[in-house]
Amino acid sequence: MSNVLIAPSVLSGNFAEMGSDVKNMSEIGADWIHIDVMDGVFVPNLTFGFKMISDIRPLSELFFDAHLMITKPIRYVERFVAAGAELVSFHLEAETDVVGALGKIKAAGAKCGLAINPDTPVDALIPYLEKLDLIVLMSVFPGFGGQKFIDGSLDRTARLKQLRDKYAPDALIEVDGGVNTENAASIISAGADVLVAGNAVFGAADRTAAVKALRG
Ligand code: DX5
Ligand code: ZN
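In our numbering, the protein residues as written are 23 to 238.
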């Protein structure tokens, strides 16, 4: 079994069951809870904001990994930390003051991450790598759960691992989008430390078995 961390995305659950789904995540053996925040501008979908995070915070002791798919996240990152996110990631494509936004997250007391879309060169991350706790490699275009893993993402993960090992050996690589029990092993061998899994967990008849299978 690998040491990979499994981070189910609550986006793929039924929002009417959010509380029980969040409680259920530790019972099924998940490591983190991945929380997808969308603003309808950076991505063509809307989800929820800080209040959802502060409302579900008391329901789980798992690590809260907030993935912000919002324009100009620097305006809001501190509020996500205050709401209970232990790690806040935002998109390189969505912010002009990347260093400023990363600094605000750290100053607020959380870990910080930077995400890139499938069409952004991995090497564009180089100037920021040493500041990061998490690097989020999107393996689908963000906006919706249940999409198909983009094949070139394996090579991108391998390239990112080379860069991570060189510039930011303590940072974790998270692969997000279209991860399932069939492709998880190859994503882990390419270099992923954290697998986000929406449909693969919430669409499974047996969530515990799904989490176990994703670990490889
Ligand atoms: C996509 C989100 C992902 C996604 C994961 O915009 O950032 O976290 O919902 O869901 P699956 O695993 O179903 O692709
Ligand atoms: Zn995500």
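Cβ atoms here follow ideal geometry from the backbone N, Cα and C, with glycine treated the same way.
query	result
Contact under 9 Å by Cβ, residue 180 with residue 87	no
Three-state secondary structure (DSSP) of residue 135	strand
Cβ-based burial, residue 102 [other Cβ within 10 Å; buried from 16]	buried
Straight-line gap, residue 33 to residue 149 (C-alpha atoms, nearest Å)	31 Å
Cβ pair count under 8 Å reaching 3, the stretch 154-172 against the stretch 134-145	yes
Residue closest to residue 225, alpha-carbon to alpha-carbon, out of 173, 168 and 95	168
Distance between beta carbons of residue 201 and residue 216, contact taken as under 8 Å	Going by Cβ atoms, the distance from residue 216 to residue 201 rounds to 10 Å, so no, they are not a contact pair.
Same chain only: Cβ atoms within 8 Å of residue 83, ignoring 5 sequence neighbours per side	48
Inter-residue Cα distance where the pair is residue 90 and residue 110	7 Å
CB of residue 60 within 9 Å of CB of residue 68, strictly	yes
CB of residue 41 within 9 Å of CB of residue 78, strictly	yes
Coil, strand or helix - residue 159 by DSSP	strand
Inter-residue spacing [alpha-carbon to alpha-carbon] between residue 177 and residue 76	37 Å
Start and end residues, alpha helix (DSSP H) containing residue 211	206-212
Counted within 10 angstroms of its Cβ, other Cβ atoms place residue 31 as buried (16 or more) or exposed	buried
Coarse secondary structure for residue 53, derived from DSSP in three states	coil
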